[in-house]
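Q:
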């Protein structure tokens, strides 16, 4: 083949690929008003929603010429409030994943949809004739009203058909606790704005999950007042560190099975007739202080238990809250299925073993990977004569199925979904499917004998059928525009009074217990093939590309363990070899780790990363595993952690100062404040228009990493992979530093400081690092010759060097394939090998806003420029603005008594400043326990 023919073939392939990057044939409605004909290069924004554990979070997706490139929160949606989480931010990378399924697959070869339908149709005809006998549909949690309506119609046409659903990150204990307390299922919705004292019992309301953004915003906002009586005081009892525990004013570490004893002790203080549980004096003191504080704030006290605690502990918390007249509302469950998730899977396995399942349709689920190992689900699926798996990847479940069929991505199809409070949103497609795939609604329509409406018509009719013909079109357009269905949140319900449940005190169960949790980076593992999430440093440990077994310091000393050493876990006949990471502040006798790793068929990025603990889960107790034996081995495994690459010079107390509200009121503290600068030989900084600056509230940062992934998505920051990470070559522009003061961790987002007297600038031999007229420390990429002098001279260690072409020819894994390049932001340069890069304060966003203001003949307004990290932050810890505007929010924050400059004694005069971390300690309890 000559060169001309080769180029023709190449261009034909490129044209076919790019043809998919266009608008879907149906009408979708932008979030903001635009001209009828879109201007090339001008992005469009569309309201949609993304699921997590089956519940929706409202988002605004930015699309450039048919390419979705960025996800941000929808301010109208109660579950996102204009912010995002790491999973939402990373969704666009999953859209362009080269490992996504592209066509039907069976008998070890690519097939067609017509071949699948020909294989399925005779079976469906028989099932319809037998009222659905032998037909089973297995899904994850479904809260889509349109999907539920289809399942209901399918059930009516085939009454003996069965639908099972399973979510790995379940809330069975929470649901059953409400049923035990009230006699019916109900979902509690705390009103955090009214809470002034809160006790969490192995609960992490601001940790990863569908409620994270809303709950974190509510809790942090309740802690903002600076009068002790008006600010929320937080107590936490937990076995290992959680984001909520890190934020708490008082925290104790306790084995998970013993946390019920704290609940019993608190209940006893409120009149419950329990026998005193066996607790150490320190724990009794904690429980007494929390109980007294809660009772003193009747009507403003709240107790919450987490999913690892059994249902009777949740019922007891409902009783305590009733005594406190706690500010909590209840709604009917958004998940309409009354059966528990593990109970549902157990019923499915029982049906298979009884020979009652002939045809199995699995939609968007991977139970072979994430089901409890005790159920033996893989053997059950193997025993079904005909099984079809619909999903985005040929994953672990697909490997055992007769057919695997590609499912559309969330940004390629129509649907709807409810949030945790019942608020419904429309899921809009941003582009036509890239591959030969079907959406879940089309899958269910296939199971019917008669052709149904299109997915668009199905979803639209679900929400407009009650409107008049005249109003229907306007209602639909307004709903798409807003991103939420008006007045769709579930109404509050009244519940009967709570009876005191029977709760027996617990004793320690064996030498070691293993506590499991969703992973803060990959959650349940469904997004394990997403490189942004794999390389996102976890809170507390900064670990990337894998998980580890967390061990308490006292246990590590007893076992003679160090970081990275491998141990063998044993429980019965089951063994697992895992690397160890020692954790200060973890309860003795507790081993902990996260789910979502050890995937065998995730894809190029996610397969073989970390270890899998799903097989260890028990259907009766999926979150806690008792009687685990630990045996030290002679092996070692490198644990990849990023924080030590960028440790700053100084003590943690100076790098992240802490204040109590009493300290703040007395003024008994001293910081390096912005403006209190030592003498310098640098010339004065002059600004002709704007003076950009950032302020970060350390009290509000929860360490969730949403800002880190948002910055990566916005600024085309490359993934380097585990090998480069092992050599200290992380490329994130924003990092979350983790400081431990008096045994208590805290988080500090650290972007470039944009120093007015930047040490990086005078050492650059080619003036690639310079100051612009608006105070930004900018990097001129095409001047940079890679001396790295600037990086060596930066005391904040925020500069990143491209040792290889991480985004330009030497990408990790399959990230160099053409389809992945569609995720790039066209307003940001893709850097090449040998170039230094760093945070720019999202200069491209500043430029867009400035040009818009200039066209209108005005100056930029305060708050008009929002950086990517600022937009993503669930708690609004990051603020950005113009120092030239005397009335700007940024000036008010820099004048706050808590404001300080990081390493301000160096005289760098950073434009990025911080607000000291505040704690609202109980003076009657004394010093916070660690």
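In our numbering, the protein residues as written are 10 to 939. A virtual CB, placed ideally from N, CA and C, is assigned to each residue, including glycine. The structure presented is a predicted model; accordingly, all values stated were derived computationally and were not measured.
For the candidate residues 780, 145, 610 and 835, whose alpha-carbon lies nearest to that of residue 366?
A: Reading the chain shown from its first residue, position 357 is the one you call residue 366. Residue 145 is the option with its Cα nearest to residue 366.
Q: Ends of the beta strand (DSSP E) at residue 57?
A: Counting from 1 along the chain shown, the entry for residue 57 is found at position 48. Per DSSP, residue 57 belongs to the beta strand (DSSP E) from 53-61.
Q: Give every residue of the same chain whose Cβ lies closer than 6 Å to the Cβ of residue 205, excluding the five residues on either side of it in the sequence, and list them in chain order.
A: Within the chain shown, numbered from 1, the residue matching residue 205 stands at position 196. Excluding positions up to five away in sequence, the list reads 241, 306 and 309.
Q: DSSP three-state call for residue 586: helix, strand or coil?
A: In the chain shown, residue 586 corresponds to position 577, counting from 1. In the structure shown, residue 586 sits in a strand (DSSP, three-state: E or B).
Q: Who pairs with residue 412 in a beta bridge, going by DSSP?
A: Counted from its first residue, the chain shown places residue 412 at position 403. DSSP output for residue 412 lists 115 and 397 as bridge partner(s).
Q: Where residue 259 and residue 404 are concerned, what is the direct C-alpha to C-alpha distance, given to the nearest angstrom?
A: Numbered from its first residue, the chain shown carries residue 259 at position 250. Numbered from its first residue, the chain shown carries residue 404 at position 395. Each residue's Cα considered, the two are about 43 Å apart.
Q: Could you give the DSSP three-state label for residue 607: helix, strand or coil?
A: What you label residue 607 is simply residue 598 of the chain shown in a count that begins at 1. In the structure shown, residue 607 sits in coil (DSSP, three-state: anything other than H, G, I, E or B).
Q: Roughly how many angstroms lie between the CA atoms of residue 519 and residue 299, to the nearest whole one?
A: In the chain shown, counting from the first residue as 1, residue 519 sits at position 510. In the chain shown, counting from the first residue as 1, residue 299 sits at position 290. Looking at the two C-alpha atoms, the distance is approximately 28 Å.
Q: Grab me the residues of residue 793's own chain with a C-beta within less than 6 Å of its C-beta, minus the 5 sequence neighbours each way, in chain order.
A: Against the chain shown, residue 793 aligns to sequence position 784. Hits under 6 Å: 777, 844 and 845.
Q: Can you check which of these residues, 223, 603 and 780, is closest to residue 587 by C-alpha distance?
A: Taking the first residue of the chain shown as position 1, residue 587 is located at position 578. If we check each option's Cα against that of residue 587, 603 comes out closest.
Q: With distance defined between alpha-carbon atoms, name the residue in 842, 387, 199 and 819 nearest to residue 624.
A: Stepping through the chain shown from its first residue, residue 624 is reached at position 615. Ranking 842, 387, 199 and 819 by Cα distance to residue 624 puts 387 first.
Q: Assuming residue 542 contacts residue 99 (C-beta within less than 8 Å), just tell me the rounded distance between them.
A: By one-based count along the chain shown, residue 542 stands at place 533. By one-based count along the chain shown, residue 99 stands at place 90. Correct: roughly 5 Å between the Cβ atoms.
Q: From the DSSP secondary-structure annotation, give me the bridge partner or partners of residue 196.
A: Taking the first residue of the chain shown as 1, we reach residue 196 at position 187. According to DSSP, residue 196 bridges with 340.
Q: Of all the options 180, 236, 189 and 249, which has the alpha carbon lying nearest to the alpha carbon of residue 220?
A: Position 211 of the chain shown, counted from the start, is the residue given in the question as residue 220. Closest option to residue 220, Cα to Cα, is 180.
Q: So, for residue 171: in the same chain, excluding its five sequence neighbours on each side, which residues have a beta-carbon less than 6 Å away from its beta-carbon?
A: Residue mapping note: residue 171 aligns to position 162 of the chain shown, counting from 1. For residue 171, where only same-chain residues beyond five positions count, the Cβ hits under 6 Å are 145.
Q: Where does residue 71 fall in DSSP's three states?
A: Reading the chain shown from its first residue, position 62 is the one you call residue 71. Here residue 71 sits in strand by DSSP.
Q: Give a yes or no on whether the C-beta atoms belonging to residue 113 and residue 414 are separated by under 9 Å.
A: As a first step, residue 113 is located in the chain shown; it is residue number 104 there, counting from the start. As a first step, residue 414 is located in the chain shown; it is residue number 405 there, counting from the start. Contact: yes.
Q: From which residue to which residue does the beta strand (DSSP E) around residue 889 run?
A: Reading the chain shown from its first residue, position 880 is the one you call residue 889. Residue 889 -> beta strand (DSSP E) spans 887-891.
Q: I'd like the ranges of any alpha helix (DSSP H) spanning at least 4 consecutive residues and lying wholly in the segment 803-842.
A: Segments of the alpha helix (DSSP H) lying fully in the segment 803-842: there are none.
Q: Hey, residue 168 and residue 713: beta-carbon distance below 9 Å or not?
A: Within the chain shown, the letter at position 159 stands for residue 168. Within the chain shown, the letter at position 704 stands for residue 713. Their beta carbons are not under 9 Å apart, which means residue 168 does not touch residue 713 by this criterion.
Q: What is the DSSP secondary structure of residue 930, counted as helix, strand or coil?
A: Taking the first residue of the chain shown as position 1, residue 930 is located at position 921. In this structure, residue 930 counts as coil in the three-state DSSP scheme.
Q: Does the Cβ-Cβ distance between residue 190 and residue 508 come in under 9 Å?
A: Mapped onto the chain shown, residue 190 falls at position 181. Mapped onto the chain shown, residue 508 falls at position 499. Yes, they are a contact pair.
Q: Helix, strand or coil: how does DSSP classify residue 711 here?
A: As a working note, residue 711 is residue 702 in the chain shown. Coil at residue 711, not helix or strand.
Q: Pull up the CB-CB distance for residue 592 and residue 655, whole angstroms please, since I reckon it's below 8 Å.
A: Translated into positions along the chain shown, residue 592 becomes position 583. Translated into positions along the chain shown, residue 655 becomes position 646. Between residue 655 and residue 592 the Cβ distance is about 21 Å, and since that is not below 8 Å, they are no contact.
Q: Along the chain, where does the beta strand (DSSP E) that runs through residue 579 open and close?
A: Stepping through the chain shown from its first residue, residue 579 is reached at position 570. It spans 574-580 - the beta strand (DSSP E) in which residue 579 sits, taken as one unbroken run.
Q: Nearest-angstrom Cα distance between residue 49 and residue 76?
A: Translated into positions along the chain shown, residue 49 becomes position 40. Translated into positions along the chain shown, residue 76 becomes position 67. Near 12 Å, if we compare the C-alpha coordinates of residue 76 and residue 49.
Q: Just the Cα atoms here: how many angstroms apart are residue 53 and residue 72?
A: Looking up residue 53 in the chain shown gives position 44. Looking up residue 72 in the chain shown gives position 63. Their Cα atoms are separated by approximately 5 Å.
Q: Any idea what DSSP makes of residue 108, helix, strand or coil?
A: To locate residue 108, count along the chain shown from 1; it is residue 99. Three-state result, residue 108: coil.
Q: Between the alpha carbons of residue 926 and residue 573, how many angstroms are there, rounded?
A: The residue labelled residue 926 in the question sits at position 917 within the chain shown. The residue labelled residue 573 in the question sits at position 564 within the chain shown. Approximately 32 Å between the Cα atoms of the pair.
Q: Which residues bound the alpha helix (DSSP H) around residue 463?
A: The residue labelled residue 463 in the question sits at position 454 within the chain shown. Where residue 463 is concerned, there is no enclosing alpha helix (DSSP H), given that its DSSP letter is neither H nor E.
Q: Starting from residue 154 and walking both ways along the alpha helix (DSSP H), at which residues does that stretch end?
A: If you number the chain shown from 1, residue 154 lands on position 145. Element bounds for residue 154: 154-166.
Q: Can you check whether the CB of residue 908 is closer than 9 Å to the CB of residue 918?
A: If you number the chain shown from 1, residue 918 lands on position 909. If you number the chain shown from 1, residue 908 lands on position 899. No, they are not a contact pair.
Q: Looking only at its own chain, which residues have a Cβ that is under 7 Å from the Cβ of residue 96, when we skip the five neighbours before and after it?
A: The sequence position of residue 96 within the chain shown is 87, counting from 1. The answer, listed in chain order, is 61, 532 and 536.
Q: Do the segment 120-127 and the segment 135-142 make contact, defined as three or more Cβ pairs closer than 8 Å?
A: No, they do not touch.
Q: I need the DSSP call for residue 1, collapsed to helix, strand or coil.
A: Any question about residue 1 goes unanswered here, given that the chain covers just 10 to 939.
Q: Given residue 188, which residues of its chain have a CB within under 7 Å of its CB, disregarding the five upstream and five downstream residues?
A: Indexing the chain shown from 1 puts residue 188 at position 179. Excluding residues within five positions, the ones whose Cβ falls inside 7 Å are 194.
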